[in-house]
Amino acid sequence: MKPVVDQDLCIGCGVCPSVAPSMFDMNDDGKAYAIVDEVPAGEEDLAEEAVESCPVAAITVE
Ligand code: F3S
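1 is the number of the first residue of the sequence shown in the UniProt record's numbering; add one for each residue after it.
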């Protein structure tokens with residue numbers, strides 16, 4: 001499973017790197033991006049929590 005942040009939707013609230021720092025970070029534009037190509041083993045629930053925590057639904061796990 002690959003975590004993806006839609007850069008057009010992200011408003012830079014910073015919740016996802018706070019919820020799942022192993023998967024997300026903020027870039028120089030103040031938007032979040034996925035730092036991994038695959039959700040780390042055993043962190044599927046955390047990925048789902050990040051998806052549900054984003055206020056603008058910018059995160060998907062494909
Ligand atoms: Fe952006 Fe949503 Fe993360 S607004 S910073 S993708 S929680």
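No residue lacks a Cβ here, since even glycine has one placed at the ideal position from N, Cα and C. Keep in mind it's a predicted model, so treat the numbers as computed, not measured.
| Item | Value |
| --- | --- |
| Over what stretch of residues does the alpha helix (DSSP H) that includes aspartate 45 continue unbroken? | 44 to 53 |
| With a Cβ-Cβ cutoff of 8 Å, do cysteine 54 and valine 15 count as a contact? | yes |
| Any heavy atom of the ligand F3S inside 7 Å of the beta-carbon of alanine 22? | The question names alanine, yet the displayed sequence has serine at residue 22. It does not: the Cβ of serine 22 is nowhere closer than 7 Å to a heavy atom of the ligand F3S. |
| Could you compute how far the alpha carbon of cysteine 10 sits from the alpha carbon of alanine 47? | 16 Å |
| Can proline 55 be considered in contact with the ligand F3S, in the sense that its beta carbon sits closer than 7 Å to one or more heavy atoms? | yes |
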